[in-house]
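Structure first, commentary second.
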Amino acid sequence: MRSNRGARRTRAGLSLAATLPLLAGALALAAPAAQADTGRATLSGTKPLWATGTADKGATANANKVNARVYLAGRDANGLAAYAKAVSDPSSASYGKYLSAKEAQARFGATKAQISEVTKWLESSGLTVTGTSQHYISVSGDVAAAEKAFGTQLHNYAKGAHTYRAPSGAATVPSSLDGAVLTVTGLDSAPHKADHQDELPPPDAVFRNAGPFSTYHGSNIAKTLPSAGGKKIPYAVKGYTGKQLRAAYGAGKATGKGVRVAITDAYASPTIAQDAEKYASKHGDARYGDGQLNQVLPSAYTKTEECGAAGWYGEETLDVEAVHAVAPKADITYVGAASCYDDDLLDSLSKVVDKHLADIVSNSWGDIEANQTPQLAAAYDQVFQLGAIEGIGFYFSSGDNGDEVANTGTKQVDTPANSAWVTAVGGTSLAVGKGDKYQWETGWGTLKANLSANGKSWTDYPGAYTSGAGGGTSKTVAQPFYQKGVVPSRLARANGGLNRVVPDISAIADPNTGFLVGQTQTLPDGSQAYDEYRIGGTSLAAPVIAGVQALAQQERGGRAIGFANPSIYDRSGSKVYHDVTDHPVKGELAVARVDFANSYDASEGLLTSVRSLGDDASLKAVRGYDDVTGVGSPAPGYVSSYRRH
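Residue numbers (this note's numbering): -13 to 631.
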């Protein structure tokens, strides 16, 4: 789920550009289009869609400063996409033949000559090079220099209630650099940042759930509260723990030993080590071994107030504790970004790939697709493809606002989950019964009705929509090869042509059937102390699936699964998945929930409500593939099925 939407309403500061089309059966990056008449090559997608003639407020002053990144295409962008597809496809002869990070850079990275040529061009235009990496060259300078370098005028445009700078036409580069430059970011000044997807309270103020609770689904029936759907309903669980989740998703004896999982978010919790250790000790998870939990952090942080840095501490805590709960022996590396903006999040993802810090990467952040920019999508997909050829898989939460209509007024999916090169993780409501027995799952979607003043009925039952698993059909990403023949045509063609549908797989996300997390928070008296609360969202689903994938990788002898979508869809319709539907049992499903009015104690009263299960906006979980839960959630047999691949 998401809070802090002010921080990348990209889920953490990102703004992903439209993902690239599927060409000749392989996902390929679009190369700059040469323009023989001008001696320039166009960088498609670098003029934002909102920079229209009617929104144009005139030229940007020449003295204004521009900070930009010129991303390098490398030696063979199309070859990179083709190789990434081949090593990820179980039907390919190249399946699993991954390259090392050094081999990947040598085969597909930018050459020293390309970097030198691009640098000379930028400097000759009057821009100052402020940084160089194997992926990009960062520059700064005035508007006049940027206009000279990129062959387009910069104007001011109205976007909503704000005015931002943007190119009046697509950026171009000298035709001699055609194929060397992938794209440029930073020419427009609109914020591109991501939000983390969860309902976590800010860690600087304590949050607690009020009781009564169920210890497992259905263990405590709310006999004194009104019926819902013609029957008495149970209180929400206090929060599932690792033992229950491992049983629900068929962990068996696998522990993830020998597998490396990375987690990317913005910033870093200063108490993560002691919080994670205390949580594991309290709830029967294995203790962390020496070096099992590591952090890779930037030298400095930026935009801490704008991005709500403190709110990201809880996201890191949830992700780390959820991965460890499911895969207690897996090594975890947390890679924190310097801010919630795209460039910094891209840097974190690139660190994982460039140093091969892990084989499995959990990411619980993103934004709506409407905020995508094609140039950023190209930069992200390049990182995802480089990861794929190294045997690294990226798992992104699908969002917490269903079809996004209630949130944005427009039906759309989220990004980067919409990328054809990542595994999009949808969300479910999970019922684990007595003895840790899996009972059922629904697609996550919640309607909320409050208890009436006299306590005898629910007001406006079943109530208003509050949240649900993100999903639907992309407007910008072509249908990837692995979805053909599995995703129903009515979904793939929902926006016209054949497009990418989200999600791919799913796991527990509903905060009303959520996970118990432990975190140091600030108490009302100002002191700091460890406390626990129930949480959910697809921010939970992504690390749970990452943990399950760690178990599966251990089962295949430690051999990397890599980009998992081809193998995930290869198993579609089989018994290794729970085929999740909105109505797994007869009758309506709901739980009673009691919350503190002030979020931490009963001094200001209690708020009692009924929360429905399986009511996700216009999205429906049905038999077979659907746009709430994808192919389903892992069932017993999923983890062991990787032994054969």
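Cβ coordinates follow ideal geometry from the N, Cα and C atoms, glycine included.
- Going by beta carbons, residue 499 and residue 310 fall outside the 8 Å limit.
- For the stretch 380 to 427, the full-length alpha helix (DSSP H) segments reaching 4 residues or more read 391 to 394 along the chain.
- The beta carbon of residue 469 sits closer than 6 Å to no other beta carbon from its chain once the five residues preceding and following it are set aside.
- Take the alpha-carbon of residue 48 and the one of residue 344: they are about 45 Å apart.
- Nearest to residue 621 by alpha-carbon distance, out of 454, 324, 156 and 423, is 423.
- When the Cα atoms are used, residue 514 and residue 338 turn out to be separated by approximately 33 Å.
- Taking the Cα positions, residue 445 is about 33 Å away from residue 300.
- The distance from the Cβ of residue 608 to that of residue 558 is about 14 Å, inconsistent with a contact at the 8 Å cut-off.
- Excluding the 5 residues flanking it on each side, residue 131 has same chain C-beta neighbours closer than 6 Å at 111, 112 and 113, in chain order.
- Here the alpha carbons of residue 540 and residue 89 stand approximately 24 Å from one another.
- Shown here, residue 458 sits in a strand according to DSSP, grouped into three states.
- The continuous stretches of beta strand (DSSP E) do not include residue 370, which lies in the alpha helix (DSSP H) extending over residues 360 to 376.
- For residue 391, same chain residues with a beta-carbon under 8 Å away, outside a window of 5 residues either side, are 397, 603 and 604 in chain order.
- Here the alpha carbons of residue 229 and residue 271 stand approximately 8 Å from one another.
- Around the Cβ of residue 348, a 10 Å sphere holds 16 or more other Cβ atoms; the residue is buried.
- If the five residues before and after residue 149 are omitted, its C-beta is found closer than 8 Å to the C-beta atoms of 43, 142 and 143, all from its own chain and listed in chain order.
- Residue 518 has 504 as its beta-bridge partners, per DSSP.
- For the stretch 96 to 124, the full-length beta strand (DSSP E) segments reaching 3 residues or more read 114 to 118 along the chain.
- Between residue 576 and residue 219, the C-beta spacing is below 8 Å.
- Counting of Cβ neighbours within 10 angstroms places residue 525 among the buried residues, the total reaching 16 or more.
- Residue state for residue 142 is assigned as strand, using DSSP reduced to three classes.
- Residue pairing of residue 437 in beta bridges, as defined by DSSP: 444.
- Residue 520 counts as buried, since no fewer than 16 other beta carbons sit within 10 angstroms of its beta carbon.
- Contact annotation: the stretch 543 to 561 does not touch the stretch 580 to 591, with fewer than three C-beta pairs closer than 8 Å.
- According to the DSSP assignment, residue 582 belongs to no alpha helix (DSSP H) but to the beta strand (DSSP E) extending over 576 to 582.
- When DSSP assignments are scanned along the stretch 513 to 563, the uninterrupted stretches of alpha helix (DSSP H) that are 4 or more residues long and fall wholly within it turn out to be 524 to 541 and 551 to 556.
- Put simply, of 547, 258, 627 and 99 the residue whose alpha carbon is nearest the alpha carbon of residue 75 is 547.
- Residue pairing of residue 258 in beta bridges, as defined by DSSP: absent, with no partner found.
- Beta bridge pairing from DSSP links residue 432 with 453.
- Straight through space, the alpha carbons of residue 511 and residue 123 are spaced by roughly 49 Å.
- Just measuring C-alpha positions, the residue of 561, 628, 505 and 415 sitting nearest residue 614 is 415.
- Taking residue 154 as the centre and dropping the five residues before and after it, the same chain places the C-beta of 33, 37, 42, 138, 139, 140 and 141 closer than 8 Å to its C-beta, in chain order.
- Taking C-beta atoms as the reference points, residue 254 and residue 292 fail to come closer than 8 Å.
- Classified as buried, residue 461 has 16 or more neighbouring CB atoms from the shown chains inside 10 Å of its CB.
- Burial check for residue 95: the Cβ neighbour count within 10 Å reaches 16 or more, so the residue is buried.
- In this structure, residue 528 keeps its C-beta atom at 8 Å or more from the C-beta atom of residue 245.
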